[in-house]
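First the structure, in the form of structure tokens, and then the observations on it.
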Amino acid sequence: MTDAMQAATDPFQWPVRVYWEDTDAGGVVYHASYLRFMERARSEWLRALGINQSTVKESTGLAFLVREMQIDFLRAALLDDELSVSVEVKERRAASILFAQTIRRADGVELIRAKVRVACVDVRRMRPVQIPADLIPGLPPQ
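Quick note on full-length UniProt numbering: the sequence shown kicks off at 1 and runs consecutively.
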């Protein structure tokens with residue numbers, strides 16, 4: 001396995017701190033905030049692979065959009081918690097990628113477990129298209 005392929009398939013971790021804006025009035029993380037945390041981690045995973053999403057969209061007209069999501073809310077995060085959001089490629093299809101994502105507190109307690117499928121979409125036509133073979137270096141073939 002090449003270094004690029006290893007980097008694309010290894011679990012990726014992104015740190016997050018919980019701020020007031022992420023919580024409800026009781027200081028508990030609002031459920032939609034977890035979606036933002038996972039989105040940021042997937043974006044940072046791409047950035048760590050040297051992929052700028054704006055550049056890809058401008059040069060190819062392609063973007064990755066969430067197609068499907070399954071989330072298990074196991075425990076709540078609270079104001080000021082330090083979290084780690086993981087991203088791991090589980091499957092690649094012609095026009096989509098399935099990710100496993102978890103959110104853990106700094107003490108290792110798992111809070112969120114999710115499966116997220118993103119589709120490669122031609123944004124002008126809003127139609128799924130095949131992921132170009134060279135778009136994400138190291139992404140396993142379908």
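Glycine included, each C-beta is placed from N, C-alpha and C at the ideal position.
All values reported here derive from a predicted model rather than from experimental measurement.
{"Asked": "The region 69 to 86 / the region 33 to 53 touching (three or more Cβ pairs under 8 Å)", "Found": "yes"}
{"Asked": "Identity of the residue in 62, 109, 74, 135 nearest residue 124 by Cα", "Found": "62"}
{"Asked": "Top-ranked residue by Cα proximity to residue 78, from 99, 26, 94", "Found": "26"}
{"Asked": "Helix, strand or coil at residue 1 according to DSSP, with G and I counted as helix", "Found": "In this prediction, residue 1 scores a pLDDT of 46, lower than 50, which makes its location untrustworthy; the coordinate-derived value is nonetheless stated afterwards. Coil, per DSSP."}
{"Asked": "Buried or exposed by the 16-neighbour rule on C-beta atoms within 10 Å, applied to residue 81", "Found": "buried"}
{"Asked": "Backbone CA spacing between residue 46 and residue 136 [nearest angstrom]", "Found": "8 Å"}
{"Asked": "Alpha-carbon to alpha-carbon, residue 140 and residue 8", "Found": "8 Å"}
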